[in-house]
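In this note's numbering, the protein residues as written are 224 to 482. The block underneath contains the structure these notes are about, expressed in structure tokens.
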């Protein structure tokens, strides 16, 4: 899957301008690849990549940027340390991603983005981190709770209690604090934007269950949510649809930004 994604990214670079790479922190990895649309004050689609918290770099996801650029949106792909580089500390990883998202919230205008039209997308462990962003306390960063205007999360994990019992505990140092703070399901009082949740019917049962239950919880909390079920897609196939305006995730992302 990683080789296929990198091949798609390499092919995409033949047709699109290289990203503007900006720093949100002092560490070498703390950069954001911004694929700029040819439009002034354009919406910004943030992407948090997946990879079991262990794999992936921003450069690997150039393949999906062209769709956003052609739709008149900037595509901002976050780079951040993986869980092994964080020594297994998922709290530190989430905080690093928060700082990246906060940088965009405060500086969207500096690269031609519209600070009133910031959207967030994520898949798999990136959807987990995306859920953490939606339920973060943004007052810590002097940002309004409503600065993210909508989110598309695919095949994510929103309650870490069962994940803590899985093989991922071999490389993630789960604690009670980690489980509590980074389970978006438990902090829906801070959710302040519409959410679109997606899963494929050929995914593993836990990804399906987590998405269904998170959608039900968001609805029960009185917050706007849409659940999209993609027949016959597995976990990896659905991820590739983000770069396709007629694909499951691509269409959902463009619809979200058009609301």
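Cβ coordinates follow ideal geometry from the N, Cα and C atoms, glycine included.
Contact check, residue i vs residue j, beta carbons under 7 Å
i, j, result
"residue 232", "residue 286", "yes"
"residue 375", "residue 344", "yes"
"residue 427", "residue 378", "no"
"residue 408", "residue 437", "yes"
"residue 486", "residue 299", "Missing from the structure shown is residue 486; the chain here goes from 224 to 482 and no further."
"residue 395", "residue 306", "yes"
"residue 405", "residue 355", "yes"
"residue 229", "residue 283", "yes"
"residue 440", "residue 368", "no"
"residue 309", "residue 315", "yes"
"residue 273", "residue 349", "yes"
"residue 455", "residue 425", "yes"
"residue 342", "residue 292", "no"
"residue 275", "residue 321", "no"
Nearest to residue i (by Cα), restricted to the options the options
i, options, result
"residue 419", "466, 401, 432, 471", "471"
"residue 260", "375, 425, 296, 273", "296"
"residue 490", "265, 482, 385", "Since the first residue shown for the chain is 224 and the last is 482, residue 490 is missing from the structure and cannot be characterised."
"residue 304", "250, 351, 406", "250"
"residue 323", "248, 340, 312, 280", "248"
"residue 334", "227, 229, 256, 423", "256"
"residue 483", "372, 239, 351, 283", "Only positions 224 to 482 of the chain appear in the structure, and residue 483 is not among them; the question remains open."
"residue 263", "331, 275, 429", "331"
"residue 451", "351, 421, 254, 353", "421"
"residue 239", "288, 390, 392", "288"
"residue 461", "392, 475, 443", "475"
"residue 336", "353, 243, 390", "243"
"residue 361", "340, 413, 444", "413"
"residue 457", "430, 435, 449, 469", "430"
"residue 444", "465, 417, 390", "417"
"residue 351", "254, 453, 402", "402"
"residue 340", "357, 370, 237", "370"
"residue 465", "254, 294, 246, 237", "294"
"residue 449", "482, 254, 366, 234", "482"
Bridge partner(s) assigned by DSSP for residue i
i, result
"residue 382", "Answer by DSSP bridge pairing: none, since residue 382 is not bridged."
"residue 483", "The requested residue 483 is not part of the displayed model; the chain covers only 224 to 482."
"residue 246", "254"
"residue 342", "268, 373"
"residue 336", "265"
"residue 300", "256, 270"
"residue 418", "374, 448"
Three-way DSSP call (helix, strand, coil) for residue i in this model
i, result
"residue 216", "Residue 216 is absent from the model: the chain starts at 224 and stops at 482."
"residue 449", "strand"
"residue 170", "Any property of residue 170 remains undetermined from this structure, which presents the chain solely from 224 to 482."
"residue 353", "helix"
"residue 423", "strand"
"residue 465", "helix"
"residue 389", "coil"
"residue 358", "coil"
"residue 431", "helix"
"residue 314", "helix"
"residue 306", "coil"
"residue 239", "coil"
"residue 347", "coil"
For residue j and residue i, believed in contact at Cβ under 8 Å, the rounded distance
i, j, result
"residue 480", "residue 266", "5 Å"
"residue 446", "residue 411", "7 Å"
"residue 319", "residue 380", "At roughly 18 Å, the Cβ-Cβ gap does not stay under 8 Å, so residue 319 and residue 380 are not in contact."
"residue 280", "residue 302", "6 Å"
Contact with chain C by residue i, beta-carbon distance below 7 Å
i, result
"residue 327", "The structure shown has no chain C; it contains just one protein chain."
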